[in-house]
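Novice: Numbering of the sequence shown is given in the working numbering, commencing with residue 146 and proceeding in unit increments. Just so it is clear, CB atoms sit at the ideal spot from N, CA and C, and this is done for glycine as well. Take this structure first; my questions come after.
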Amino acid sequence: MAEALMKKFYPGQVYVQSAGVHSDLDVDGFAVAVCDELGIELHRHQARSFDDMKEWGDDISSYDLVIALSPASQRQALELTRYYHLEVEYWPIMDPTGIGESREAKLDAYRQARDQIIAKMQSRFGTPKD
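See below:
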């Protein structure tokens, strides 16, 4: 969600690439649904890991900033600072997976996570220009 939100709100201002600890390749359907509510197409996105990025030739040393949204990704990003000069920020975003019994309750949890990401982006990068 974070990559797609960043590209929607700050197009052409920064290069953004999402990566996580694991690459499941399929994006969560609830994340797709709550991004679709904002007109953001997420269903074709593929999740990547830091290892995938290295395997595919992405030069991690070319990044200035890594924003970690989970403790596990923060640990992995901090490990990368042993080899690369990267600034790492941790944004504690609620993990919506497994929250809620009904479809609507699950969607509400994903909306909360999405809105937390948006609030952090706006705090860090300013109000998006339309």
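(1) Taking 8 Å as the cut-off, decide whether the C-beta atoms of V233 and A213 are in contact.
(2) Look at the alpha carbon of M198 and the alpha carbon of A164, and state the distance between them as a whole number of angstroms.
(3) Please list the terminal residues of the continuous alpha helix (DSSP H) segment that includes V166.
(4) What does DSSP give as the partner residue(s) for Y235 in the beta ladder?
(5) Between the beta-carbon of Q158 and the beta-carbon of E148, is there less than 8 Å?
(6) Output yes or no for whether 8 Å exceeds the beta carbon distance between A135 and L187.
(7) Given that a residue counts as buried once 16 or more other Cβ atoms are within 10 Å of its Cβ, and exposed if not, what is L150?
(8) How many whole angstroms separate the CB atoms of R259 and M146, which I take to be in contact at a CB cut-off of 8 Å?
(9) Please identify the residue among L231, S247, I262 whose C-alpha is closest to the C-alpha of S207.
(10) Have a look at T226 and T242 and give me their C-alpha separation to the nearest angstrom.
Specialist: Reading off the structure:
(1) yes
(2) 8 Å
(3) Where V166 is concerned, there is no enclosing alpha helix (DSSP H), given that its DSSP letter is neither H nor E.
(4) A213
(5) no
(6) Because the chain in this structure spans residues 146 to 275, residue 135 falls outside the shown range and cannot be described.
(7) buried
(8) 6 Å
(9) L231
(10) 28 Å
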